[in-house]
Structures are given as structure tokens and as C-alpha cells.
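In this note's numbering, the protein residues as written are 3 to 1084.
Written as C-alpha cells, this is what we have:
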């Protein structure tokens, strides 16, 4: 069954092929199989129908489409190529049983070159290493199918065939010789041309270049030999080649002799040896020859220049780059005598001599002696036991220009006659005698002097050099210095005068003069010449001078000293104004006050400082530098009618330390505004009674100028948080300053900032500005407002809070004041905060308990809000802004989750007001009585307490404002007048008139404040605990000039004050704070 199926399929396939006509599945192959063939090669085409039975087919062959072989049973066709037979070949198979069934082969393209190819031989190296081989490779470029024949010969033998018809294209050889190859392919064989010959050598020993004498340096004129040596060369006869830097033709033997070297021979030398035409050594490594262009000069050194008694001196002759030198030594007995050879041709370069004289040496080396130049001479002297000593006459340590001085040299010996040699400055001639006299000394004569004695019979026998004696000549004639223990003396007393010469020196006598300068000094009874002191009891001008030597050499006259009797009046230096502390930049006045009488005086001042003081009774000084602290001042007065009479110098006045700067401290009260309340500013300085006047300013926000600064940065000594954030505007009435250290601002309804500073003196000296202090208001106004999201006071630290500034501006900044005051005023939403537009986003707002407000680029402040941060537990959800009377309010207790809470307790001012399961506290219509501190409790966890503020629903009528203002003015004016009249009546029945109001600004005021917090941090703390205080102050009475006001009046005024607002509901609401002002009874 299976056979039947196969037969059926075969018949079906045959039928398909026969029906088709012919198929292109015959294959034409060519041998040799190469696309590039050459003229003279024989090729064979074979046609395969791939039918499996070749006898069933006839075969035909075509060339470029033309039949070249008719159909036959021969499937192969051989052809000998010529250049014109390039083209495309194909075969066709036709089935014997059907003339219509044919098979066409693939096309075979042949390219026939007219030229016979040549083989190419390459070697991986040109010489055979010891124990190694060389690989030769033969190739025919551009074609394949080759086999290779290899040939070798030597210079002394004929060529032999190494390999015939080799399949591999390479051979490995280990013998030297001349090699070539060729390629063959096809049958009959077709041969390429032979390759070029390739010489393969075995390496010979490498030579090296040496110098006959192993000298590192060759000098011009020396004879040298350069050699080419081959290690292990044996008895082989070599021919040598040289490469040299010289233009001279080198020899062909191993030695290159240079009879007289020159610089042109300097350079690198190479050599190689050749054994045959094709056998030579490698080139040697380069040998560098250096020929100096000069003849060397040796150097003679001596271990000492003088031969000690019964001793000797060692001389050493040294030649640069010394090698194989021999040395000649020479001696002369004088500079004019000839040289005598004392040693010749010695290899030792060191000799020992015991005679004085002039020595030199030279070196020589080589077969034909080459000599160096003669060395410089060295003089060796023989020392005798006698010693020279130099002395000065007179022996003064300092000589002045114009004085006469003699320098002497002395040698203690027997009958020896000596000649002297001197070492001295400015020596153009060498004296041979034993002394040198300088008639008129000059600065050029200064220096060290010494001498040596030489035996006239043997000039190289001498003493040791003497020790140096230093002569110092001053360029200037000295000036006498006259000093007095006092410039004035009391009646019957005297003054001791001292005359000295500066710079200090010895040998002086002193001459004294009084009155006019004459040639006659005072008598010896009046002046003691030797000690330089004199005691005088007469008024007048004194001076002195010194003299010494023969002839006498005089100093310049001293300055005059005026001696006079002392009057009984005394001078005192005082300071005006005498403030406890003085600051740099202030101007002070020093006065010279003379006690007793109205006598007219001329004034003199002196100081340890650098001030320019005028000779008047007063000197104004501006304190510019703190380095002047501690300076001393003295003054004295001299009678205009008798200038010789003076008060004498006052006791010293020491300028005490003055301080770099002063900065006042500003406090505001209250810190939170209530409707109708006034704001009191108080500016405190150290020593407030020391002449200060106070200026008051309103702080206006600046945004554009500060945007480029880091909020934590210091600029010119102050933090960015001060005046660089704000501009300051003077408040009304403070342009020239106020005597009072407090100021009241009426009608302030919104958040505001204030600063102050103080000034005093003429010209006015100002302190620095105080730090800004703020008064806060929770009221919202359209031009600037702050909203908080979520809209509540308490927040969890993990919550995100958004503070949005709204109003009539496009640029804002948010500021905060923390509860603990640790970070002062921060802004720009920096430190874990980001600012997007006008919204400040707080994340992880630790520490978060703070007051926040907005500031605009138009200079306005927004309302202020409290924010309390809680770590975990519960918080109270309460409104952050004041609630208007009549509105409803709901208070809730909240966890960090959104879970609804039940069974929550609520407290007001610490008292439980609700505890049930409603979970919230509803107040349907709030009133002022609902204000207070609220908190909640859930599951034992209490929230912080927050203040619920209630705002009146009705604004005060303008009429009531006017009535209140008028009433306030009447009270302010009449109350002090009534009290004053009451006081006057107790002393005097008549109260006739009031003191003019101008005196209000002419005397200091005393303000008394009740419960005023020391700083704004404490105020914030009070706010959180519900403490709200009201302040009032009065100004005490003036001193009328005939006595102080009685203590009774002060006690009466001190009892008039407002009490603190209570915390219970029966008392007045905390928001109602009374106005207050200064009361001036005079």
C-alpha cells in the first residue's frame, strides 16, 4: 500500500515537471574556482542537473548567450583561457525522453587577466633570534585556489626547492638564507611569477663603543681614541662602519683616533661590524662624547692661610671632572720673582708646606701630555709668636663728624723691624706705619679696623691679625638735651637742670648759658661742668652745650628751658557735660578752670593723645576713635601781664573709656489693641537723665529693598530683621525730640510697628534705632487681611497650614512672633515654609505657637492671628478671628484622624460647662459674656485652651467719639489744675495764676506704669493666659526754682491709677481698656 502511494506521487511530480517545460535548477561549476583567472590557465566547466542520473540528459554550454558546445552526453567542458574569453557562461540540460524538458544553470562570470600574476613573500621578522624561527607567508593578490612552491639559496650555493605543490601558504624556517616562492593551480598546472627574494639572517653579537681612557670630560686639544668592541667575536675578520658627528671620514677598523679634540667632535658615536655582504652586526648603542671648548683651570685650596709656629699647611690642587690627572706644584718668594717647581708629575694632588710664599699648581694627563692652565695663586704666611693690638686715642665708643681720632697698631717683640698692614674701611692706600690719624672724621670712616705686623726681612713671616676695633662715626653733630625737674619753683626754692648729649657718649664737659646766647658761659660757681647738672634759683631762659677733645669739639646748643616762679593760683581740667557714659561720635568740652580771682590768663594745654588743642580756656573734642580712651590732659595758666608767672600744670585729667554705641530699648503697652484704647511707647536708655531727647517713629514695611537678602544674614552689623525691613516715619510732635521718655498714640485700630532713638549734645549725637516693637489687632480691614486655612486657632504639627494675605497689594510677606521669643521676628516663609504667590504654606510647623500677620509692599499691616501647635492628642476647633455679637459659634474637639467624637467635655476659664455625648458646644448668639478661654477633653486628653474673642456688632457713633474726646481733654486739663490749686491753698490761700504751658517741654517727666511687662515676649505669654492690664501715667510737678514740691503732692498723684481688669464675669470685659495720657500740672 505504501509503495503504491509513493509511485503515484512520483508520477504526479514527473507529470508536473513535463507539463512545465524546463526548470532553472541545474548547477554550473568551474575549476579552478576563482572569479579572477589568467591567460594561459585551463579551466573545466561541469554541468549538474541534480537529477541523480546523468545519462538521462544531454548537455550544452553557452558564452555570453551564444552556444559554444552543442548538446551531447558530455557534462564537462575544458577550455584554455585567453584574455578575450572573459564573460558569462551557462549550461543547459535537456532530458533524453522529451525535447521540451530542459534545465538552465546559474550564470558564472569569469574575468581573464592578460598578465601573469606574481607571488608576494612576507616575513614576520628579518632575522632569526637565538633558538627561534621566522615565519614566511606567500600570497597571490586578488585570487584563490593556489598551491605554493618554496625555494632557498645562500650567497655561496645554488637555489634548491624546499616545498612543491604545498597547500599551506606559509613555512617556518630556522636557517638563514635567501628565500622566494611562487603559486600554482589547475591541471595542467599554471604558475605565477616568482616572488622577490627575502634575506633572512641570524643576528651577530652587538658591538659597543668605548673610550680608551675612561674620562667623563674631554677638553679641547686632548688626544683620545674611540674603540668599537665585539664581545665573543672570536677570530672573525670584521669590517667596521662608523657614524660620527664629525665631518672627517671615519676609519674602517675598530679604533677611531682623534689627535686633537675640538668641540666639533662632541656628539653620539655608533659602530657596527660586517662579516660579509649580507651578514653584519646591529648598530651599537650611541656613545656620547663631550668635548669642552675651554682648557680647565685647577683650584688650589689651603686648610689655612697661615702656618702656625712649628706647623705646616696642607694645599690641595683640584681639577674639574678629575680623572687620571698628575700634578705640578710651583712657589714664588714674592710677586715679582719667578716660579720654582717644587713637585712634578705626582698623582697625589695634596702636598704639605712649611714655608711662606705664593703657591700655584697645574694638572696633566694622556700619553702626549695635555696640561691645564695654571691655577690662581694662594699666599701662605708663616705666623710668629708676637701679637698685634689696635687701640683708639681717645677711646670713645661714638665719634661725631668733625672730631679727630687716632688708630694705633702695636707689636710687642724684641729687635725685629716691622712693616704694618691695615684692614680698614675706605682704604685706597695701605699705610705701612703703626698709626692712622683721622683729622676730621666722617661717616665713611665708620667700620672695623685691624692690623698685622710683617717682618721686614721676611715679608711672608707675620703676626696674627689683631682683633677688630669698631669705630662708629655719627653723621650729625650731636645736640645737647636740657631737662628741668620742674619748670617753676616756689618763692625761696630752686630748680635742678640736667644737660646731656644724645646719642649718649663719654668724655663731655658741659657749658651753661642764661639770658641771651653769648660766648661766655656761666661761671663754675654757678655750673658744675663734669656732672652735667646745675641748680638755679633765678627766673629766665637757660640752655647748654657739651664739648670734648683737644681742640675742643662742641655739640649744638640745647633747646631753651624757661624757669619761672609759681603763682598761688591752681588750674583744674573739667569735663562738660559730665555724663556718666560717653559714646564714640559725641563732642565733649574740656575746660581749664583757674581758682581765685578774675585775673586774665593765657592758657596752655598738653596731652598724651594726638589732639590739636588750642590755647584757650575751652577745647571741643569729637570722640572719633576708641583708641583715645585713657588719654591724659593737662593745662596751666600764665599771667598775661607777667608771662614768666604761671599756675603750674594742673593735675592730670584722664579721659575715661567711651563706648562704641548706644541702643535704646522700646516697650509698647498694650500689645493687643482693644476698641478705643491708646498705645503707650516707652524708650529706655542707660542713664536717662544724661541730657537725652527722644524721637518716635512708625515702622513702614519695605519689601523691594530686602528681597535680595537672606533673612538670617547680617548686613553692616545689624540683622536683616531691623531697619532694612522697614522705613521709619516720624510720629507727630517728635521732629525735635521729646524730653519725656514715653509717647502716647491715640486712635490706633490696626496692627502697627514702632521704633525710637535718643539724641543729645550740640551737634546732636544719636543712638542707634531701637528694635521694632509691635502692637497687634485682630480686626480685619479690606486693604490688608490675613486668613488661615484650616480656619481655627489650634493645629496639629503634622498638618499643613496656609496663611493667605489679601488686600490692595501684589507683594506680601508673612511675619511671626513665637511664644518663647527664641527666633524673634521671622519672615519670608523661610525654614520649613514656602511662599506661593501671596500664600505662605507651613509644614511641620515646629515650634508653631506664634502670632502671625501680613505686611504689604504698600506699607500696610494686616490683622494678627494666634496659632497654637499640638504634637498629638486632641485640639479645640474654635474660630481664629473675633466673633461678632449675635452670630452663632460651634466648638468641637478633634483628633489627628477624622473620627467623630462623642462624650466630650468643654471648659470655659477652667470651669466645666458641658459634658455629654453631643461632641460639640453650640452657642447660638454670642455676646461679650461668652468671651474667655475654652478647652475640651476627650478620653482623658485635654486640648490647649484658646481665647474666644467677641466683637461688638455696632461701631461707636462719631458723635460719641467727639463727646469722649472733649471729655478726655477737659479731664486731662482740669484735674491737674484742681489738684495743683488744692495744693497751693494748703500753703497759700491765693491761687492766682497758672504757670505757662511752655514749661511742659523744659523739664524732665516721671512716668509711673502699673503692671507694665518688661518685654514683648512676656506680653505674649500674658495674652495666652488671659492677663490684660490697663496702664495710666501722670507727670509730676516741676521745681519752681524756690524749692521742690512736697512729698504730699507726689503721694496724692501716685494714688491716682487704674486697676487691672479682673478675670471674672462680674468685672469689666478684658477687651475694654481705658485710654490714658500724660498729665502736666505746670
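Note that CB positions come from ideal geometry on N, CA and C, so glycine has one too.
The model shown is predicted, which means the values in this text are computed figures rather than measured ones.
Residue 662 - DSSP class collapsed to helix/strand/coil: coil
Terminal residues of the beta strand (DSSP E) in which residue 466 lies: 460-466
Inter-stretch contact at 8 Å, needing at least 3 Cβ pairs: the segment 202-217 / the segment 346-354: no
From 651, 761, 751 and 757, residue whose alpha carbon lies closest to that of residue 692: 761
Best match in 758, 612, 130 and 925 for proximity to residue 744 [C-alpha to C-alpha]: 758
Same chain, Cβ closer than 6 Å to residue 862, five either side skipped, listed in chain order: 785 and 786
Check whether residue 1085 and residue 471 have beta carbons under 8 Å apart: Nothing can be reported for residue 1085, as the shown portion of the chain is limited to 3 through 1084.
For residue 538: DSSP bridge partner residues: 497
Among 523, 516 and 553, the one whose alpha carbon lies nearest that of residue 543: 516
Option nearest residue 100 by Cα separation, candidates 59, 69, 68 and 129: 59
Cβ pair count under 8 Å reaching 3, the segment 369-380 against the segment 388-403: no
DSSP state of residue 447 mapped onto helix, strand, coil: helix
Beta-bridge pairing of residue 330 - partner residues as DSSP gives them: 364
First and last residue of the uninterrupted beta strand (DSSP E) at residue 868: 867-872
Chain-order list of residues whose beta-carbon lies under 6 Å from that of residue 326 (same chain, five-residue window excluded): 367
Exposure of residue 608, with buried meaning 16 or more beta-carbon neighbours within 10 Å: exposed
Collapsed DSSP secondary structure at residue 679 in the structure displayed: coil
Proximity to residue 945 [Cα-Cα], best of 931, 37, 906 and 952: 906
Expected contact under 8 Å - CB spacing of residue 540 and residue 500 to nearest Å: In fact, because the Cβ distance is near 17 Å, the residues do not count as touching under 8 Å.
Distance between residue 514 and residue 583 (C-alpha atoms, nearest Å): 51 Å
CB-CB length for residue 687 against residue 698, believed under 8 Å: Their Cβ separation, rounded to whole angstroms, is 14 Å, which puts residue 687 and residue 698 out of contact at 8 Å.
Validate contact between the segment 295-313 and the segment 273-284 using beta carbons, cut 8 Å, 3 pairs: no
DSSP-derived helix/strand/coil call for residue 889: coil
Closest Cα partner of residue 537 within the set 729, 839 and 498: 498
Delimiting residues of the beta strand (DSSP E) encompassing residue 396: No beta strand (DSSP E) holds residue 396; DSSP gives it neither H nor E.
Residue burial classification, residue 337 (beta-carbon count within 10 angstroms, cutoff 16): exposed
Three-way DSSP call (helix, strand, coil) for residue 625 in this model: coil
Neighbourhood of residue 78 by C-beta distance below 8 Å, restricted to the same chain and skipping five residues each side: 46, 47, 48 and 49
Sufficient close CB pairs (3 or more, under 8 Å) joining the segment 149-157 to the segment 207-226: no
Residue burial classification, residue 880 (beta-carbon count within 10 angstroms, cutoff 16): buried
Residue 590, enclosing beta strand (DSSP E) - first and last residue: 589-596
Helix, strand or coil at residue 169 [DSSP, three-state]: coil
3-residue-minimum beta strand (DSSP E) runs that sit fully inside the segment 79-104, ordered along the chain: 89-97
Through-space distance from residue 893 to residue 919, alpha-carbon basis: 14 Å
Alpha carbon of residue 286 to alpha carbon of residue 294, nearest angstrom: 24 Å
Bounding residues of the beta strand (DSSP E) (the contiguous stretch that carries residue 267): Neither: residue 267 is in no beta strand (DSSP E) and is coded neither H nor E.
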